[in-house]
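In our numbering, the protein residues as written are 55 to 171. Built from N, CA and C at the ideal position, the CB exists for glycine as well. Every value quoted in this text rests on a predicted model; they were computed, and no experiment measured them. First comes the structure, then the notes that go with it.
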């Protein structure tokens with residue numbers, strides 16, 4: 055059961071990173087569906103079947119369809135990707151890495167993690 059939890063968590067992180075990194079909005083929405091589905095799987099591994107069912111019903115079903123409809127019904131203009139700079143993305147990744155490092159360091163030094171048996 056622990057292996058399933060770790061596999062679902064890793065899949066959820068990969069899908070979330072893909073949802074943030076992909077350029078095509080429909081692909082991002084599909085990755086978001088994968089994140090919601092993995093979250094439901096995590097609830098199942100933790101023994102919360104009702105939460106998993108509610109996650110699938112509300113988020114995977116309703117919210118994802120709402121996002122896709124909103125994307126399809128709004129007009130988007132083509133963006134010249136050659137004029138976009140790499141600098142804001144690098145700055146964002148650096149900031150995200152720094153915040154993640156601080157959070158991991160805080161959790162590891164706080165002593166709230168259980169001792170190994």
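Pick from the options that is closest to residue i, judged by C-alpha positions
i	options	result
residue 62	80, 97, 146 and 115	97
residue 109	94, 146 and 129	94
residue 119	143, 144 and 86	86
residue 55	145, 106, 100 and 150	100
is_contact[residue i, chain D] using C-beta, thresh 9 Å
i	result
residue 72	Included in the structure is just one protein chain, with no chain D present.
Residue i to residue j span [Cα, whole Å]
i	j	result
residue 155	residue 64	18 Å
residue 66	residue 141	27 Å
residue 71	residue 148	15 Å
residue 80	residue 163	40 Å
residue 166	residue 125	42 Å
residue 144	residue 58	33 Å
residue 160	residue 107	33 Å
residue 68	residue 153	18 Å
residue 77	residue 131	14 Å
residue 146	residue 103	37 Å
residue 60	residue 127	37 Å
residue 158	residue 150	12 Å
Reduced DSSP secondary structure (H/G/I, E/B, other) of residue i
i	result
residue 91	helix
residue 114	helix
residue 122	helix
residue 78	coil
residue 168	coil
residue 101	coil
Integer Cβ distance of residue i from residue j, believed to fall under 8 Å
i	j	result
residue 121	residue 73	About 11 Å separates the two Cβ atoms, so there is no contact after all.
Handout entry: At least three beta-carbon pairs within less than 8 Å, the region 107–121 to the region 85–93
Key = The region 107–121 is in contact with the region 85–93.
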